[in-house]
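Below is one structure; the comments refer to it alone.
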Amino acid sequence: IPYSEKMHRTLIAIRCARSYRPFNFVKDPEYAMEVEMLQPGTKLPHPSTVSKDVRAIHKLAAQRVRTYF
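Per UniProt numbering, the sequence shown starts with residue 1, numbered consecutively.
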């Protein structure tokens with residue numbers, strides 16, 4: 001999978017939501033090291049950005065569920 005900031009932020013938001021992780025896990029030094037190892041120079045989003053992304057994904061999903069049913 002080629003790297004994109006948008007997909008990375010989406011995966012972080014989904015990871016938080018599905019695994020009940022706190023939004024500030026992106027501040028963990030070990031996570032930052034992992035990301036740097038896999039994609040050097042990557043800037044991690046702020047926890048408030050992760051929170052906004054989770055809410056945006058939820059809003060879109062809720063709209064699609066309402067449309068479906």
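Glycine included, C-beta positions come from ideal geometry on N, C-alpha and C.
No experiment lies behind these values; they were computed from the predicted model shown.
CA nearest to the CA of residue i, picked from the options
| i | options | result |
| --- | --- | --- |
| ARG18 | SER48, VAL35, PRO40, VAL54 | VAL54 |
Residue span of the alpha helix (DSSP H) that contains residue i, given as start and end
| i | result |
| --- | --- |
| TYR31 | 29-38 |
| TYR20 | Note, TYR20: premise wrong, no alpha helix (DSSP H); not H, not E. |
Between the CA atoms of residue j and residue i - distance to the nearest angstrom
| i | j | result |
| --- | --- | --- |
| PHE69 | LYS43 | 39 Å |
| LYS59 | PRO22 | 19 Å |
| GLN39 | SER48 | 22 Å |
| VAL35 | ALA61 | 27 Å |
| PHE25 | LEU11 | 13 Å |
| ARG9 | PRO2 | 14 Å |
### Query
Do three or more CB pairs link the region 27-34 to the region 57-65 at distances below 8 Å?
With the cut-off at 8 Å, the region 27-34 and the region 57-65 do not touch.
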